Amino acid sequence: MSATTARKIGPVLATFVVANNMIGSGFFLLPATLAKSGGVTALAWLVCTVLAMMLGGAFARLARHHPDLQSPDDYVRPSLGRDASFLATTMYWVSSWIGNNAIAVAAFGYLVILLPIDDSPGVRLGGQIALIWLMFALNLLGPRPIARFQSMCVVLGLLPVAVILTAGWAYFDPALYRAAWNVSGQSDVAVVMHSLAPIFWAFVGLETGAMVAGVVDDPDRNVPRATLGGIAIAGVVYLVSSVLMMGIVPVAELAESGAPFALVAGKMFGAWAIPLIAAAAALKATGTLGGWMLVTGESGARAAQRGFLPSVFGRLRSNGSAGTGLFIIATLMTLLAVVTMSPTVSGQFETLIEMVVILVVMAYAAAGLSLLLGTPERPATRRERVLGMGALVACGLLVYSTPGKTLVGGLVIALLAWAAYRGFARRPPPPAR
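Residue numbers (the numbering used here): 25 to 457.
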């Protein structure tokens, strides 16, 4: 076995890399958000899993053409040009740091249970900001400490929660779940369609299988397996946890909770289990926040190096961290935390994840369109056109599910960013005459 082959990862490990990148803050807080509608959202989980599979198939195909894929720019520019590539790359970057705010909301929603403080909007705001800057400081130490911290958080954070997902069925009340099937006052179809955007937050990260294609053994076969397998694992875990929790705790109580897993643990095992599960969930969400801040810093640096963001974002410290860029990102996240402050944790979380989904859908739509159109050097095959069209249909359904105000806000952000790029972007000097 060569040294190069030895460094490759197989399909099983790659599958769990993809799944782990999706099982994050949504796992711990989405049940509270969805409880406002009821158990009918289980159908939306199934639909979203299918949509994620459609998008995952498109990204897996793109990975065959771009085995060293690092940025949306790699696959968008050859098919759609530099302007479209700018929008896909920067909207993906913006969605990542907005998503970090949602993760901070989830993390502190559980952490507040462990602290001798009031669970008021002002306290939650201060806690979220403190977590943001704590993870900024940890990221300044470089990628390696963050990777170690995240690995520790994954192991310690998910083990106690896994106990709930397995032992919880002994406490599941089918009658309670049936009574809470639809508490929204709308039809089942309407609830499912309007739930797609917030639920799809749980699948953001499905593209990471394509992003690590260069380190996967036999990527032509194993990247599609890892991507679709990781999506399937994440979909099952999310669906099971959502159904389980609505059959243990009344949805009205679940919807008001800032720490639904801890609430369920208390119902199952007693008060002693609440701080244990809260600590585990807070640890996992905090690790996810640290890891995604690293991704945000690195994606911002790559975008700056390609001329899509100001050069300040591309400055790296000697240890590899994007210190200055991360400082700007942490500042923007702090301002966003203030702007989106809500009376309830689930309310603020829902606002943030809807913003993330509409922005990331722009990058996903660009991927589908790139696959559909191909390039002059590599015309799209029939299979690629089908996969590209499927990805665009998935994006269309997610846009339809997004509230009008959020949709308009996403379009305004995209248009302002594009106008700034056209007006102020660095351009190469004109050729000498």
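Ideal Cβ positions, reconstructed from N, Cα and C, are used throughout, including at glycine. Just so we're clear, the structure is a prediction, and the values are computed from it rather than from any experiment.
F83 and A391 do touch by the CB rule: their CB atoms are close to 6 Å apart, below 8 Å. Taking 8 Å as the cut-off, the Cβ atoms of G133 and V369 count as close. Leaving aside the five residues that flank A279 on each side, the residues in its chain whose CB is nearer than 7 Å to its CB run, in chain order, A56, A59, K60 and S370. CA-CA distance, L138 to F285, rounds to 14 Å. Here K429 is exposed. Its C-beta has fewer than 16 other C-beta atoms within 10 Å. When beta bridges are read from the DSSP output, G398 appears opposite P403.
Residue burial is scored here from C-beta neighbours: V185 has at least 16 other C-beta atoms within 10 angstroms and is therefore classed as buried. S175 counts as exposed, since fewer than 16 other C-beta atoms from the protein chains shown sit within 10 angstroms of its C-beta. If you ignore the 5 residues before and after I141, its C-beta comes within less than 7 Å of the C-beta of V147, all in its own chain and listed in chain order. A distance below 6 Å between beta-carbons, with the five flanking residues on each side excluded, links A204 to the following residues of its chain, in chain order: G62, G63, M270 and V275. Here V228 has M46, S119, G123, V380, V381 and V384 as same chain residues with Cβ atoms under 8 Å from its own Cβ, once five neighbours each way along the sequence are excluded.
Take the alpha-carbon of E401 and the one of Y445: they are about 28 Å apart.
DSSP, read as helix, strand or coil, puts V147 in helix.
Short of 8 Å from the beta carbon of V267, and not among the five residues preceding or following it, lie these beta carbons of its own chain, in chain order: G63, A66 and Y201. If you look at M365, you'll find it isn't in any alpha helix (DSSP H); DSSP assigns it neither H nor E. DSSP places V240 within a strand segment (E or B) once states are collapsed to three. Residue state for Q372 is assigned as helix, using DSSP reduced to three classes. Contact between I353 and W121 is confirmed by a C-beta separation of about 5 Å, below the 8 Å threshold.
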